[in-house]
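Colleague:
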Amino acid sequence: MATPRMDPSILEIADIIRYPAAEEAFLREFGLVPTPSARPQATGTLQGRPSACEYWGICKDLGFNPGEPGCDGEVVTYNRRCKKGIRPSFKCNRCKKQLSQLRGTDALHAVVETDSPKSSLERRERTSLPVVLVLFAASTFIDVNKMVCSYSLRYYNHGSYPMNQSLMVALTEVFKCVLVTAVRMVTSGSLRMRPSSKFLVPSLIYMLTNNIFFIALHYVTPAVWIVLAQCRIFFTLFAYNACWSCKAHFQLCADQLTGSVPFFLVATIVFSAAYGLCATLVVARLDNVVKYHLSATSSLLNMFALAALFPDQFRITLAYVVLLFLLMVAIYLYEKMFVLPHSLDV
21 MATPRMDPSI
31 LEIADIIRYP
41 AAEEAFLREF
51 GLVPTPSARP
61 QATGTLQGRP
71 SACEYWGICK
81 DLGFNPGEPG
91 CDGEVVTYNR
101 RCKKGIRPSF
111 KCNRCKKQLS
121 QLRGTDALHA
131 VVETDSPKSS
141 LERRERTSLP
151 VVLVLFAAST
161 FIDVNKMVCS
171 YSLRYYNHGS
181 YPMNQSLMVA
191 LTEVFKCVLV
201 TAVRMVTSGS
211 LRMRPSSKFL
221 VPSLIYMLTN
231 NIFFIALHYV
241 TPAVWIVLAQ
251 CRIFFTLFAY
261 NACWSCKAHF
271 QLCADQLTGS
281 VPFFLVATIV
291 FSAAYGLCAT
301 LVVARLDNVV
311 KYHLSATSSL
321 LNMFALAALF
331 PDQFRITLAY
341 VVLLFLLMVA
351 IYLYEKMFVL
361 PHSLDV
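Each residue of the sequence shown is one higher than the one before, starting from 21 at the first, in my numbering.
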């Protein structure tokens, strides 16, 4: 004879209060919350197909490729050639996503259930809203100050830098290294680091990029440089033409700030190093698209700051507004990630 279900005891309720997992199990046991549906499993070899081409299911049903959640391709076994021989892997015949079969059929769903920090969804869940706002505000504030100080350094030094721009980049990286070392000492209490030659190529590219930025300030203001860097080559000629056609209406008195060149030099190095660290935190803690929103916000603030501080060098024109609008549209389209209809797929 079946034993009738009894009401939960006081001890069970106490356990529920203490442990969230027990609360979920309790609610599911008494039917207060629905039991989660099982994930679609691999269906094995499709009838009528040869055994060498195993069929595992539809890509979107398996959650095989989170980058294309609507993909209706078939996931089959694909024998991939490598140095160690032939290795079977799972492959979607539409989106071409591949995963090794060394982990068994669990690899079909591993990309959805992984705890890797590369998942932007999990990054958003772990990072609280106050932290997001603080990172965004700090990065924007530092970026605007870096741009203004970098341009002021040349503007108030009669059109030239007080030292070689490559040396400025080197000092910035040294200061950044000191900051990172200090933070590591405080957080871990150790200076153990693992050198790697893989950082040589990115470091070289980073050095060239920073040198190009300081050289570009000889010809354009930071506001124009930001738009050029985002819109790339297609709008370069049009933007430069619009920039050089601007006429100055009034001029700031620079004699009072000429003696502040050492201050702008130190501020440029400090803000450049701080922005590099903030950009790293944004990429590590937030979604990658936040970088583009950050760039758009900095572009707007830089536009108003430079128009107020350097009216003889930059003023807001229709051409610049159009370019900035195109930048905002590009960021919006990147975030939406529109999926083309199947009839337009190539």
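Where is the CB? At the ideal position from N, CA and C, for every residue including glycine.
So the candidates are Ser186, Pro86, Leu344, Leu211; which of them puts its Cα closest to the Cα of Cys197?
Modeller: As a first step, residue 197 is located in the sequence shown; it is residue number 177 there, counting from the start. Residue Leu211 is the option with its Cα nearest to Cys197.
Colleague: Whole angstroms is fine: what's the gap from Leu199's alpha carbon to Leu343's?
Modeller: The residue you call residue 199 lines up with position 179 of the sequence shown. The residue you call residue 343 lines up with position 323 of the sequence shown. About 36 Å.
Colleague: If we ignore side chains and look at the alpha-carbon of each, how far apart do Leu155 and Leu187 end up?
Modeller: What you label residue 155 is simply residue 135 of the sequence shown in a count that begins at 1. What you label residue 187 is simply residue 167 of the sequence shown in a count that begins at 1. When rounded, the distance between both Cα atoms is 29 Å.
Colleague: Please name the residue or residues paired with Asn99 in a DSSP beta bridge.
Modeller: In the sequence shown, residue 99 corresponds to position 79, counting from 1. Answer is Pro108.
Colleague: Considering only the beta carbon of each residue, do Ala294 and Ile162 sit closer than 8 Å?
Modeller: One-based indexing of the sequence shown puts residue 294 at position 274. One-based indexing of the sequence shown puts residue 162 at position 142. Closer than 8 Å, so yes.
Colleague: Between the alpha carbons of Gln61 and Val151, how many angstroms are there, rounded?
Modeller: Here residue 61 corresponds to residue number 41 of the sequence shown, with the count starting at 1. Here residue 151 corresponds to residue number 131 of the sequence shown, with the count starting at 1. In this prediction, Gln61 scores a pLDDT of 46, lower than 50, which makes its location untrustworthy; the coordinate-derived value is nonetheless stated afterwards. Approximately 38 Å, taken between the alpha carbons.
Colleague: For a minimum of 4 consecutive residues, which ranges assigned as the alpha helix (DSSP H) are wholly contained in the segment 192–241?
Modeller: Segments of the alpha helix (DSSP H) lying fully in the segment 192–241: 220–236.
Colleague: Which of the three DSSP states is assigned to Tyr181 in this structure?
Modeller: For the purposes of this step, residue 181 is identified with residue 161 of the sequence shown, where counting begins at 1. In the structure shown, Tyr181 sits in coil (DSSP, three-state: anything other than H, G, I, E or B).
Colleague: For Arg174, does the count of other Cβ atoms within 10 angstroms reach 16, so buried, or fall short, so exposed?
Modeller: Counting from one through the sequence shown, the residue named residue 174 turns up at place 154. By the 10 Å Cβ count, Arg174 comes out buried.
Colleague: Apply the 10 Å Cβ neighbour rule to Thr192 and answer buried if 16 or more other Cβ atoms are within range, or exposed otherwise.
Modeller: The residue given as residue 192 occupies position 172 in the sequence shown. With 16 or more other Cβ atoms within 10 Å, it is buried.
Colleague: Rounded to whole angstroms, what is the Cα-Cα separation between Phe291 and Asn165?
Modeller: What you label residue 291 is simply residue 271 of the sequence shown in a count that begins at 1. What you label residue 165 is simply residue 145 of the sequence shown in a count that begins at 1. Distance between the alpha carbons of Phe291 and Asn165 is about 7 Å.
Colleague: Let me make sure I understand the geometry here. Which of Pro108, Asn113, Arg100 has the alpha-carbon closest to that of Gly77?
Modeller: Here residue 77 refers to the residue found at position 57 of the sequence shown. Nearest of Pro108, Asn113, Arg100 to Gly77, Cα basis: Asn113.
Colleague: For Leu119, which beta-bridge partners are listed by DSSP?
Modeller: Taking the sequence shown and counting its residues from 1, the one referred to as residue 119 is at position 99. Paired residue(s): Phe110.
Colleague: Secondary structure at Gly77, three-state DSSP: helix, strand or coil?
Modeller: In the sequence shown, counting from the first residue as 1, residue 77 sits at position 57. DSSP places Gly77 in strand when its eight states are reduced to three.
Colleague: Determine which residues share a DSSP beta bridge with Glu94 and list them.
Modeller: Here residue 94 corresponds to residue number 74 of the sequence shown, with the count starting at 1. Paired residues: Ile78.
Colleague: Under a Cβ-count criterion, where at least 16 other Cβ atoms within 10 Å of its own Cβ denotes burial, should Phe284 be classed as buried or exposed?
Modeller: Taking the sequence shown and counting its residues from 1, one reaches residue 284 at position 264. By the neighbour-count rule (16 or more Cβ atoms within 10 Å), Phe284 is buried.
Colleague: Using a 10 Å radius around the Cβ and a threshold of 16 neighbouring Cβ atoms, would you call Gly296 buried or exposed?
Modeller: Here residue 296 is taken as the residue at index 276 of the sequence shown, counted from 1. Flag for Gly296 reads buried.
Colleague: For Ala325, does the count of other Cβ atoms within 10 angstroms reach 16, so buried, or fall short, so exposed?
Modeller: Residue mapping note: residue 325 aligns to position 305 of the sequence shown, counting from 1. Buried, because 16 or more other Cβ atoms sit within 10 Å of the Cβ of Ala325.
Colleague: For Val168, which option in Phe345, Val281, Phe195 has the closest C-alpha, if you only look at C-alpha atoms?
Modeller: Walking along the sequence shown from the start, residue 168 turns up at place 148. Ranking the options by Cα distance to Val168, first place goes to Val281.
Colleague: Just the C-alpha distance for Ser159 and Ser223, rounded to the nearest angstrom, thanks.
Modeller: If you number the sequence shown from 1, residue 159 lands on position 139. If you number the sequence shown from 1, residue 223 lands on position 203. In a straight line, the C-alpha of Ser159 is about 21 Å away from that of Ser223.
Colleague: Taking C-beta to C-beta, are Leu237 and Tyr171 nearer than 8 Å?
Modeller: As a position in the sequence shown, residue 237 is number 217, starting the count at 1. As a position in the sequence shown, residue 171 is number 151, starting the count at 1. Taking 8 Å as the Cβ cut-off, Leu237 and Tyr171 qualify as a contacting pair.
Colleague: Classify Thr300 as helix, strand or coil using the three-state DSSP reduction.
Modeller: Sequence index remark: in the sequence shown, residue 300 carries index 280 (1-based). Of the three classes helix, strand and coil, the one that applies to Thr300 here is helix, per DSSP.
Colleague: Is the beta carbon of Asn177 closer than 8 Å to that of Pro242?
Modeller: To locate residue 242, count along the sequence shown from 1; it is residue 222. To locate residue 177, count along the sequence shown from 1; it is residue 157. No, Cβ-Cβ distance for Pro242 and Asn177 is not below 8 Å.
Colleague: Give a yes or no on whether the C-beta atoms belonging to Thr97 and Pro86 are separated by under 8 Å.
Modeller: By 1-based counting over the sequence shown, the position of residue 97 is 77. By 1-based counting over the sequence shown, the position of residue 86 is 66. Going by C-beta atoms, Thr97 is not nearer than 8 Å to Pro86.
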